[in-house]
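Numbers 1 to 148, taken from the working numbering, label the letters of the sequence shown in order.
Down below is the structure, laid out as structure tokens.
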Amino acid sequence: MDDRLKRTTSLQQAIKRSTVLSSLLSHGRRLERVRQELARLLPPELDGRWGVANLRDGELVLYAVSPAWATRLRFLSGELLRALAELEPGVRRIRVRVCMPPAGEREVRRTGPALSRRSASMLEEVASGLEHEGLRVALQRIARHGEG
């Protein structure tokens, strides 16, 4: 018997002997079944933006990657509870938590439309002809945000 097979066999035996490991494995499988069912039920735009955190004492805890996606999940939670009734009849409540990914993994969104080079140039030109200092400074500041 090669070493990998021995290790696999001994791991399986350890799981069978240990009630804690066996219980943990069973719980993990249960969470995965719930996750798969929810993935089937949820709209595609939520893909990759949520997950199952835990299921305990009748409460299913989901996480979302931002407050906006958490709100969307909360809005759908009643519908999800009804749909999960057959798979997990003990689930009485869904709680949604926000669990934002590390900064490097977050979605990068533009807050508004980009200012083209041409538009920035036009703003700069208009600003240079203004006598009102506050307006001139404001337009010059906006013009600096032009692409390029």
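All C-beta atoms in this analysis are idealised placements derived from N, C-alpha and C, irrespective of residue type, glycine included.
Computed from a predicted structure; not experimentally measured.
When you compare the CB positions of residue i and residue j, do they come within less than 8 angstroms of one another, or not?
{"i": "G78", "j": "G58", "result": "no"}
{"i": "V52", "j": "R74", "result": "no"}
{"i": "L115", "j": "G134", "result": "no"}
{"i": "R82", "j": "L55", "result": "no"}
{"i": "P67", "j": "V20", "result": "no"}
Short of 7 angstroms in beta carbon distance, which residues of its chain neighbour residue i, apart from the five on each side in sequence? Order them along the chain.
{"i": "L80", "result": "L38, L41, I94"}
{"i": "A143", "result": "A120, L123, E124, A127"}
{"i": "P44", "result": "none"}
{"i": "P101", "result": "V65"}
Using the beta-carbon count (16 or more within 10 Å), is residue i buried or exposed?
{"i": "A70", "result": "buried"}
{"i": "R72", "result": "buried"}
{"i": "L76", "result": "buried"}
{"i": "V34", "result": "buried"}
{"i": "L24", "result": "exposed"}
Apart from the five residues on each side of it in sequence, which residues of its chain come closer than 6 angstroms, Cβ to Cβ, to residue i?
{"i": "G129", "result": "none"}
{"i": "R92", "result": "G58"}
For residue i, list the residues DSSP reports as bridge partners.
{"i": "W50", "result": "A64"}
{"i": "G146", "result": "L115"}
{"i": "L84", "result": "Answer is none; L84 lacks a bridge partner."}
{"i": "R97", "result": "Y63"}
Throw me the rounded Cβ distance for the residue i and residue j pair, which I believe falls under 8 angstroms.
{"i": "W50", "j": "L60", "result": "Going by Cβ atoms, the distance from W50 to L60 rounds to 12 angstroms, so no, they are not a contact pair."}
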